[in-house]
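Q:
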Amino acid sequence: MPETAAHVTAAEISRIAGVTRATVSNWRRRHADFPAPTAGTDTSPLYDLGAVRAWLGSRGHTRVADPREELRTAVRLHASDPDGTTGRMAFVLTLARRPADRTAALAGLEDAELAGLEDAEVAGLTDAELAARASGEVAGLLASLPGPAPASPLFSASDGTALRALLRCVREAGAPAALTVLAERELDDSAATGVYGTPEPLARLVAALLPAGAARVLDPACGSGALLAAAAGRGAGELLGQDSVPVQARRAAVGLSLAAPRAEVTVRIGDSLRADAFDGLTADAVVCNPPYGDRDWGHDRLAYDPRWAYGVPGRSESELAWVQHCLAHLVPGGRAVLILPPATASRASGRRIRAELVRSGAVRAVLALPPGAAPPLHVGLHLWVLSRPEPGGPERKSVLFADPAGAPPTDGGAPPSGTGARAAGMPRTGTGPSRAPIDWAGLTARTLAHWEAFTADPDRFAAEPGTARTVPVVDLLDDLVDLTPARRVRTSHRDVDPAELSARTETGRRELAESARALLDTAGLTGWTAPGGSVREWRTANASDLARGGALTLLRTVPDTKGPVPDTKALVSDTKGPVRDTQTPEPDGSAAEPDGSAAVSDTQAPVPDGSAAAAPVLTGADIARGTGPTGDPAELGPAATTAPVIAAGDVLVRAIAGGGGPMARVADDGDAGALLGPQVHLLRPDPARLDSWFLAGFVGSAENVAGASTGSTVLHVAPGRLRVPLLPLDEQRRYGEAFRHVHRLRARARRAARLAEETAALLAGGLTGGALLPAEGPPPAAPGPSPGTEPA
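All residue numbers for the sequence shown refer to this note's numbering, where the first residue is 46 and numbers rise by one.
1. For ALA271, which residues from the same chain have a beta carbon less than 7 Å from its beta carbon, with the 5 sequence-adjacent residues on both sides left out?
2. I'd like to know if VAL662 contacts chain B, where contact means its C-beta is closer than 9 Å to some C-beta of that chain.
3. Considering only residues of the same chain and omitting the five flanking positions on each side of SER361, which have a CB-CB separation below 7 Å?
4. Whose CA, out of ALA276, VAL312 and GLU283, lies closest to the CA of VAL292?
5. What number of angstroms, rounded off, separates the C-alpha of HIS52 from the C-alpha of GLY219?
6. In angstroms, rounded to a whole number, what distance separates the CA positions of PRO358 and LEU190?
7. DSSP three-state label for LEU790, please.
8. If I measure Cβ to Cβ from GLY838 and keep anything under 6 Å in the same chain, skipping five residues before and after, which residues do I get?
9. Quick check on LEU412: does DSSP put it in helix, strand or coil?
10. State the DSSP-derived secondary structure class of PRO770, mapped to helix, strand or coil.
11. Please specify which runs of the beta strand (DSSP E), each continuous and at least 3 residues long, are wholly inside the stretch 251-332, giving them in chain order.
12. THR585 bridges to which residues according to DSSP?
13. Could you compute how far the alpha carbon of ASP677 sits from the alpha carbon of GLY594?
14. Name the DSSP beta bridge partners of SER754, please?
15. What did DSSP end up calling LEU372 once you bin it into helix, strand or coil?
16. Within the continuous beta strand (DSSP E) that includes VAL516, where are the two ends?
17. In chain order, what residues of the same chain lie with their CB nearer than 6 Å to the CB of ALA222, ignoring the 5 residues before and after it?
18. Which full runs of the alpha helix (DSSP H) of 4+ residues lie inside the stretch 522-575, going along the chain?
19. Please determine, among THR758, HIS761 and HIS786, the residue with the shortest C-alpha to C-alpha distance to ALA741.
20. Going by DSSP in three states, SER394 sits in which element: helix, strand or coil?
21. Kindly indicate which three-state DSSP category ALA486 falls into: helix, strand or coil?
22. Could you have a look at ALA709 and say whether DSSP puts it in helix, strand or coil?
23. Per DSSP, ALA702 is paired with what?
24. May I ask which residues mark the beginning and end of the alpha helix (DSSP H) holding ARG113?
25. Tell me, please, which residues DSSP counts as bridged to ARG380.
26. Once you ignore the five residues that flank LEU402 on each side, which residues in its own chain have a CB closer than 6 Å to its CB?
27. Report the rounded CA-to-CA distance for ALA650 versus ASP731, giving the unit in angstroms.
28. Hey, could you find the ends of the alpha helix (DSSP H) VAL215 is sitting in?
29. Check this for me: beta carbons of ALA308 and SER269, under 9 Å apart or not?
30. Report back the beta-carbon spacing between LEU872 and GLU556 to the nearest angstrom; my notes put them in contact at under 8 Å.
31. Just checking, does the stretch 247-264 make contact with the stretch 327-347 on the three C-beta pairs under 8 Å criterion?
32. Taking the Cβ atom as the reference point for each residue, do LEU385 and GLU364 lie within a distance shorter than 9 Å?
33. The beta strand (DSSP E) with ASP93 in it runs from where to where?
34. Pick helix, strand or coil for LEU663, following the three-state DSSP scheme.
35. Round the Cβ separation of ILE701 and GLY671 to the nearest angstrom and send it over; I've been treating them as touching at under 8 Å.
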């Protein structure tokens with residue numbers, strides 16, 4: 046056991062037990078034997094971890110906690126020690142390489158039996174003996190990790206709790222999750238800033254742009270190794286990485302050894318620009334997501350560095366220093382793909398270097414990414430595809446520019462078809478979230494299609510105005526040398542066919558007129574009468590009680606999980622009494638969550654077959670915008686295989702309130718088969734007892750959502766607290782038809798608004814670009830303002 050008492054906060058107790066903070070506060074008030082604070086202050090008390098675990102164990106809460114949260118708590122209780130983090134990461138690699146059946150034996154029993162490390166070989170070991178055993182197991186791996194070798198012995202008796210938590214995390218959440226927790230703790234204690242991971246879908250896109258057969262791949266700013274792991278997934282057999290943050294380099298070394306066990310992995314610690322660990326080495330391909338805006342990158346020291354073959358980068362041009370560093374490490378004809386901020390393409394201080402890169406043929410393509418693709422999320426980053434010129438190689442006459450996410454029409458052009466949010470029927474409106482989710486599958490497909498068409502025959506690339514085009518090198522070498530894709534792909538009046546634009550405008554006008562008529566027909570329904578002199582009142586029940594009684598089932602997706610999922614269907618009620626198909630209540634029969642905030646179960650419906658894991662994901666933003674499922678199942682991680690599958694008639698409720706748009710809707714045939722996103726609650730009513738549209742209308746009301754929400758800045762909806770009127774089924778159906786009509790009204794209004802915006806953009810662009818002439822005769826008279834309204 047640890048030599049000194051370990052203390053935890055109330056928040057950490059809630060994570061250990063798998064409950065909310067409100068539940069812990071309730072335990073303190075209701076149970077006289079709850080451990081008293083032993084440290085801290087009156088406002089921030091601390092509790093003895095051993096006493097808390099014993100108390101939780103007596104009530105069956107010891108194995109409820111998320112293993113990652115338990116590991117976070119265990120690591121926090123130890124002083125910051127880089128050697129300890131290195132050893133734990135090596136231990137992760139050791140555990141992950143064990144046979145699956147042996148690892149299962151280690152974590153299969155209860156904490157009360159062998160304190161979390163249950164294996165026949167180590168049964169009865171003290172913490173000191175366990176630490177010695179773990180130190181011996183990782184000793185042979187330390188040499189493969191970057192950085193100086195840690196002191197020996199690596200672990201002491203005080204590390205017993207952390208080692209047990211680490212074992213459980215690897216077993217139940219996976220080795221990558223354990224690595225992330227260990228790295229988070231070390232990064233929190235370091236001076237490193239601006240450390241962001243590269244999203245997996247973007248890493249896969251970068252790897253897909255590499256040449257086939259690239260065996261040796263280098264990442265000079267590898268971070269956690271996401272780009273190299275993606276390259277390994279496409280066949281790279283030798284992975285080289287370097288990072289200036291020690292914990293990131295060690296994390297990358299262990300993570301890559303797990304992700305690509307057959308690859309040769311070499312990771313070094315250090316700043317690649319100032320202290321290149323691979324000086325003189327050339328690779329078949331280079332991938333890089335370098336730090337941005339670094340004015341202290343070594344400009345003064347490196348002024349005469351031989352890597353600057355295209356010009357000495359200025360102090361504010363660290364990104365162009367990384368560009369030249371990557372090119373210097375390529376074999377002739379090798380390819381590099383970098384993720385860079387948009388300013389790199391246009392900043393005046395980098396004009397001369399950009400000109401040399403373009404003139405020499407090193408720049409092959411600049412591809413735009415939508416905002417939100419990678420941090421910083423508010424900026425649309427660029428992918429630069431570079432190639433080291435071959436002596437005597439073919440002349441490169443053009444550069445590919447692409448903006449696959451689409452761009453607004455300019456200079457008389459029309460909106461791009463088949464790309465971006467507009468093609469998917471997802472216009473940005475003032476009633477929905479400010480940014481549409483990224484369709485990574487579509488974005489990747491469009492980007493690769495443009496790139497493959499360009500590499501097949503650059504001279505015959507078929508331009509897509511507003512989306513992709515090739516620009517001759519001579520046209521790029523102007524006073525600005527601006528390589529911004531949006532500037533190069535935008536349409537101009539010379540690209541527009543007046544006859545085609547006129548036809549598209551007429552089609553848009555007809556669709557708008559039909560949509561407006563449908564909206565008028567829907568809005569014309571009358572008969573909405575008052576119930577009398579006062580509002581109608583009725584008895585209500587919360588969703589937790591209805592779930593307990595079997596009238597409905599509540600489900601949610603727990604992201605990034607691994608391992609068996611409890612076979613439960615309903616939620617723990619926020620009232621006393623028997624619980625049907627739920628998690629185990631407290632031994633005294635009391636409610637686990639009196640405020641209803643724990644009413645959401647981690648329950649997941651089984652996925653019928655493996656193909657469902659590739660289905661799209663329905664997100665909270667989809668509900669707000671009224672679109673079909675647009676989420677990427679890859680973002681769910683392992684949870685994609687166990688996430689609930691939506692069925693027609695399910696009621697879908699956004700988990701985060703606010704932001705505009707409806708809070709709930711009924712799943713239709715277009716939603717059926719999609720996976721439930723992590724920010725959506727699913728209410729599956731029994732059709733013999735609850736009408737779906739009746740349920741969706743009441744649980745999505747503003748008053749109901751406000752009463753079931755907690756938080757200040759971000760309002761989280763506790764579905765178990767949503768109130769539902771208790772009405773006969775026939776009357777429910779009357780209300781359900783009314784709510785269905787309201788939904789239809791909202792959907793048709795949204796469609797009419799979208800078509801009006803698109804038609805207006807076509808008309809305005811055509812008039813200003815000279816592709817359309819004003820209509821003959823006077824325009825139709827606008828209707829006067831309705832009584833009681835002001836004219837526009």
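Every residue, glycine too, gets a C-beta built ideally from N, C-alpha and C. These numbers were taken from a predicted model, which means no experiment stands behind them.
A: By the coordinates alone:
1. GLY242, THR243, GLU245 and ALA248
2. In the displayed structure, chain B is absent; only one protein chain is listed.
3. ARG340 and SER394
4. VAL312
5. 27 Å
6. 33 Å
7. helix
8. There is no way to answer for residue 838, as the model of the chain reaches only from 46 to 837.
9. Looking at LEU412 - three-state DSSP - the assignment turns out to be strand.
10. strand
11. 261-264, 283-288 and 309-314
12. Paired residues: PRO770.
13. 35 Å
14. VAL762
15. The three-state reading of DSSP puts LEU372 in helix, counting H, G and I together.
16. 513-517
17. ARG113
18. 530-534 and 543-568
19. Cα-wise, what sits closest to ALA741 is HIS786.
20. helix
21. Collapsing the DSSP output to three states places ALA486 in a helix.
22. strand
23. LEU760
24. 112-121
25. Beta-bridge pairing links ARG380 to ALA330 and SER432.
26. TYR355 and VAL408
27. Because the pLDDT at ALA650 is just 43, under 50, the model does not fix this residue reliably, and the value given afterwards should be weighed accordingly. So the two alpha carbons sit approximately 16 Å from each other.
28. In this chain, the alpha helix (DSSP H) harbouring VAL215 covers 205-218.
29. no
30. No answer is possible for residue 872: it lies beyond the span of the chain, which begins at 46 and ends at 837.
31. yes
32. yes
33. 90-93
34. In this structure, LEU663 counts as strand in the three-state DSSP scheme.
35. About 17 Å separates the two Cβ atoms, so there is no contact after all.
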